[in-house]
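Let me begin by presenting the structure, written as structure tokens, before commenting on it.
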Amino acid sequence: MRVKFPVMFRLLVLLPSALLTEPVRSNEVVLLDTTAVLGELGWRTYPVNGWDAITEMDEQNRPIHTFQVCQVMEPNQNNWLVSSWVWRGAAQRVFVELRFTLRDCNSIPWVAGACKETFNLLYRESDTPPNHTDQRLHPADYAKVDTIAADESFTQTDLGDRVLRLNIEVREVGPLSRRGFQLAFQDVGACIALLSVRVFYKKCPSTRRNLALFPDTVPQVAASSSLVEVPGRCVAHAEEERDAPRLYCGADGDWLVPLGRCVCSIGYEEDHGLCTACSPGSYKSFVGNIRCSKCPTNSQSGPASPVCTCEKGFYRTHSDAPSTACTRPPSAPRNLLFSMNDSSLFLEWAPPLDSGGRRDLTYVVRCWRCGAAGSCDPCGDAVQGLSSTRVAVQDFLSHGNYIFQVEALNGVSALANRRPAASNISISTEHAKPSLVGAIRREWASHTSIALSWHEVEQPPAPILDYEIKYYEKEREHQSYSSLRSQAARVIVSGLKPSTLYVFHVRARSAGGLSSFSLKAEFSTAAQSAEVVGTRGSVLVMALAAVGGFSLLVILTLFLLITGRCQWWIKSKMKSNEPRRTHYHNGHVVPFAGVKTYVDPDTYEDPTQAVHDFTKEIDPARIRIERVIGAGEFGEVCSGRLRSLGRKETAVAIKTLKGGYTERQRRDFLHEASTMGQFEHPNIIHLEGVVTKSRPVMIIVEYMQNGSLDTFLKNHEGQFTVVQLVVMLRGIAAGMAYLSEMGYVHRDLAARNILVDKGLVCKVSDFGLSRMLEDDPEGSYTSIGEKIPIRWTAPEAISYRKFSSASDAWSYGIVMWEVMSYGERPYWEMSNQDVILSIEEGYRLPAPLRCPVALHQLMLHCWQSDRNLRPHFCDMLSFLDKLIRNPSSLLTLVEDMNGLAESPGSPDYPFFISIGDWLDSIKMSQYKSNFIAAGYTTLDSVATMCIEDVRRIGVTLIGHQRRIVSSIQPLRLQLLQAQHNNFHI
45 MRVKFPVMFR LLVLLPSALL TEPVRSNEVV LLDTTAVLGE LGWRTYPVNG
95 WDAITEMDEQ NRPIHTFQVC QVMEPNQNNW LVSSWVWRGA AQRVFVELRF
145 TLRDCNSIPW VAGACKETFN LLYRESDTPP NHTDQRLHPA DYAKVDTIAA
195 DESFTQTDLG DRVLRLNIEV REVGPLSRRG FQLAFQDVGA CIALLSVRVF
245 YKKCPSTRRN LALFPDTVPQ VAASSSLVEV PGRCVAHAEE ERDAPRLYCG
295 ADGDWLVPLG RCVCSIGYEE DHGLCTACSP GSYKSFVGNI RCSKCPTNSQ
345 SGPASPVCTC EKGFYRTHSD APSTACTRPP SAPRNLLFSM NDSSLFLEWA
395 PPLDSGGRRD LTYVVRCWRC GAAGSCDPCG DAVQGLSSTR VAVQDFLSHG
445 NYIFQVEALN GVSALANRRP AASNISISTE HAKPSLVGAI RREWASHTSI
495 ALSWHEVEQP PAPILDYEIK YYEKEREHQS YSSLRSQAAR VIVSGLKPST
545 LYVFHVRARS AGGLSSFSLK AEFSTAAQSA EVVGTRGSVL VMALAAVGGF
595 SLLVILTLFL LITGRCQWWI KSKMKSNEPR RTHYHNGHVV PFAGVKTYVD
645 PDTYEDPTQA VHDFTKEIDP ARIRIERVIG AGEFGEVCSG RLRSLGRKET
695 AVAIKTLKGG YTERQRRDFL HEASTMGQFE HPNIIHLEGV VTKSRPVMII
745 VEYMQNGSLD TFLKNHEGQF TVVQLVVMLR GIAAGMAYLS EMGYVHRDLA
795 ARNILVDKGL VCKVSDFGLS RMLEDDPEGS YTSIGEKIPI RWTAPEAISY
845 RKFSSASDAW SYGIVMWEVM SYGERPYWEM SNQDVILSIE EGYRLPAPLR
895 CPVALHQLML HCWQSDRNLR PHFCDMLSFL DKLIRNPSSL LTLVEDMNGL
945 AESPGSPDYP FFISIGDWLD SIKMSQYKSN FIAAGYTTLD SVATMCIEDV
995 RRIGVTLIGH QRRIVSSIQP LRLQLLQAQH NNFHI
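Counting along the sequence shown from 1, when you hit position 404 you're at 448 in this note's numbering, and nothing is skipped either side.
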């Protein structure tokens, strides 16, 4: 008996078609939509009297194709509905969306045993449409996708009340390898109406990012986490900045992880994702995403200009930047005056009224000497490049007429086709200083004296009062000199060294002043006789012997004193181990105020001594190894029991050094123990002791029942509350704060190196890569040529091998991400090189699912590029304590904030974490140095600024002032909201 419910189905098909369809998303490509087919679908039913096809018209007179079946009175139903052939296009997998209604079997009397509430979805691939001459069904050709069950079912009462119970189910079909496929719907005894079928696949739609165009891309079908790397093409008038632009297409049709970018070419600026030409009157001289600048003063430009050209009469030098205003040559110097004293003639002038708009003002002084006939000849080469407005003139004749000219020049004077502006002055030097002394002659020379004479070139206008003779040794020309005076034009210079070359200069003095020194003359003294030399040599030898004996006596005395002091110091240091161990008690460090308690084992000349100082030797008879739990770098890791005097056996982990080791391997193995033995903190793995006096060499530490943190979280995904996870992070922060205070850098902080005990207490371990902070100003350690964990390491440590507590803070942010994602691999399947590039481009890991905003904010603080802005571990510890004491602050999740951001008036997330981020968001990053120089180093301080403060720090453009001030108000609201949610750091 066949039962139908035409009233029910007519009710459904007369409903608005909007209930059967939804808008197509931009990342979906629809292959089949039964609600959009105007003609016949061409679907087949097996048997013919199984599924019924009903076509009705909606309110807009468009056909709606539905299929129904309700043969619930007859057992063993097998009704098939087969779709037409669907071309798959570029898809490797497709999604099938089904909209249907299904009646509750309990509402149909007498059919409890035969009625079903599910049906099957199947598919069949083929390269060509099926042959319509073959009317048979071949069930073996179809592969099952899934059994479809209804979330909502209706009853007879619902039919009377006209209540719709619509189900929507989506299933994935694939991977597909043939050109097309058919869908099949198998009914096994349900009362069902199939209202619409939509087949689609997802793609990453073409987009424009970072001034690059990316085409439509279909995701790979290998796995839901696979990413397809897609190269981009720069938009018009743009070029690659450094690396080619790339995006990754995710499996859900979303673009992820932008790498590289394009920048606008010279003469073009970025505008809404495109590069547009600079407007007339502006220019852009450099490649990059900076705005076009207004032409400087006295210049102009056309569209897309790389530089502004100077107006007529104005110039720019080759060394001037394109932003420099065009300038012109200066006017003439003013008020040229002269004065004379007893030795020199001085010229003075005032700067020109018009400097041409430049600061590189220099002067050129020219001189002419005029004779009685009125003709003037140059005195010599012009003096150029003067920056002062005063100059002294020497070596001029005492009775003559001179003309001096002073020209003013600047950097563009040579570009102007005209003579520089100048000022002239005429000067008479009557009754001035005497003329130059003539050539100097040597009359005779002995081994200690030289006789000299000279004459004047011209008749002096006034009597010569005396002559000054300056002399010095040729080999000591720039060290010292001597001088003497003579009233005659001759002199005997005595007290000289034998066989030594001397340089002499002479000048005359009259009532008018001093002349300049004459040209230099070089003369040598005579050699000494052998008898005098011998006598003086003997005296010299005796003097040297006396001095040498006295020096030897002093050296021996000092040596004995120092040796005695050193012996006393060595004895006092080697008397016992107490001096070295004064800060070490009961196997752990006791800190002294003002003393760095950590001692680097590498500073020991004998590493064995470091092991002796900082660890405790354990009798191997007290150790019982039970089983192997892992393998380390140097050997096996076992679990066992340690029997201690006066207490019960304790569970321990035992690291063993494998046989056949070298001395270097033994030293490296025990280095970690020497380091670990100096720490005593509840969140640092505790060292019980070592075994070094027997084989195998062992390190014994406390046993952590739950193993490494990353594996533990993966095995218990979703089983902890957010507060429990924060408590774990708090323990790690406490341990790292302790290490930081000890002056210690871990360098390999990661979830794999955090151990978890049975009480879920997290402890920092694995000190193999750790090093001490040196006492340098930056408190960091430089590593050379060692491998580092890229995904956990700060950028400065990757680029420059510069490790510090700030780089450990970056790693802690990654550990936070690992904990909140339950052990997910940071940066997923990206290569190490892509990780480095993406971090340089500003990419940061997104918040894990169900991650509180406060924790992701702390992560972003740890990942700041400027390591000086990262939080200290003590601050992070205090922050996490506040979150634990106030669990309500953890209720706001990142996905909730993202949802709010889609509604008008809601704040964007993530919030700004630095002044640089805020200025970048409003495209005012060029003022970052202005803010920092003025003392505005935090967002809190910026939030208090007004427009007067903005002007005071050097923002002169009115448009920029308004943009900054208008963005301060939203920044204030952000800070208030952050304080309200208790996650502001």
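A virtual CB, placed ideally from N, CA and C, is assigned to each residue, including glycine.
Under the three-state DSSP convention, the category residue i falls into
i	result
residue 892	coil
residue 348	coil
residue 173	coil
residue 111	strand
residue 133	coil
residue 159	coil
residue 370	coil
residue 802	coil
residue 420	strand
residue 985	helix
residue 861	helix
residue 856	helix
residue 1009	helix
residue 384	strand
residue 811	coil
residue 411	strand
residue 623	Unreliable placement is indicated for residue 623, whose pLDDT of 34 sits below 50; the coordinate value is still reported in the next sentence. Three-state result, residue 623: coil.
residue 968	coil
residue 516	strand
Supposed close pair residue i, residue j - CB separation, criterion 8 Å
i	j	result
residue 340	residue 322	The Cβ separation is near 14 Å, so there is no contact.
residue 170	residue 215	In fact, because the Cβ distance is near 20 Å, the residues do not count as touching under 8 Å.
residue 679	residue 667	Between residue 667 and residue 679 the Cβ distance is about 15 Å, and since that is not below 8 Å, they are no contact.
residue 898	residue 921	So it is not a contact: roughly 15 Å between Cβ atoms.
residue 191	residue 164	6 Å
residue 344	residue 357	Not really, about 13 Å apart at Cβ, beyond 8 Å.
residue 132	residue 75	7 Å
Cβ shell of residue i (< 7 Å), same chain only, five flanking positions each side left out
i	result
residue 272	261, 263, 264, 292 and 293
residue 195	211
residue 971	963 and 999
residue 616	Note that residue 616 has pLDDT 33, beneath the 50 cutoff, so the model's placement of it is unreliable and the number below is only indicative. Same-chain partners within the cutoff: there are none.
residue 711	651
Contact check, residue i vs residue j, beta carbons under 8 Å
i	j	result
residue 1031	residue 498	In the structure as shown, the chain begins at 45 and stops at 1029. Residue 1031 is therefore absent and cannot be evaluated.
residue 396	residue 374	yes
residue 198	residue 209	yes
residue 838	residue 861	no
residue 699	residue 743	yes
residue 548	residue 508	no
residue 346	residue 328	no
residue 255	residue 282	yes
residue 749	residue 801	yes
residue 112	residue 237	yes
residue 566	residue 545	yes
residue 794	residue 833	yes
Chain-order list of residues whose beta-carbon lies under 8 Å from that of residue i (same chain, five-residue window excluded)
i	result
residue 1034	Residue 1034 lies beyond the residue range present for the chain, which begins at 45 and ends at 1029; the question has no answer from this structure.
residue 39	This structure cannot speak to residue 39, because the chain is shown only from 45 to 1029.
residue 542	491, 492, 569, 570, 571 and 572
residue 361	455, 456 and 459
Sequence-distant residues of the same chain with beta carbon closer than 6 Å to residue i, five excluded per side
i	result
residue 980	986
residue 232	121 and 160
residue 414	420 and 445
residue 674	681
residue 531	510
Distance cut-off 7 Å: residue i Cβ against heavy atoms of the ligand GDP
i	result
residue 443	Absence of the ligand GDP is noted for the structure shown, with no ligands found whatsoever.
Whole beta strand (DSSP E) runs in the region 312-368 with 3 or more residues, listed along the chain?
312-315 and 318-321
Just to confirm the assignment: which complete beta strand (DSSP E) runs, minimum length 3, are found wholly within the region 675-735?
680-686, 694-700 and 731-735
To test your reading of the DSSP string, which unbroken beta strand (DSSP E) runs of 3 or more residues are found completely within the region 239-303?
251-253, 256-258, 272-275, 282-284, 290-293 and 299-303
Where in the region 178-234 do unbroken runs of the alpha helix (DSSP H), each at least 4 residues long, occur, reported from the N-terminal end onward?
200-205
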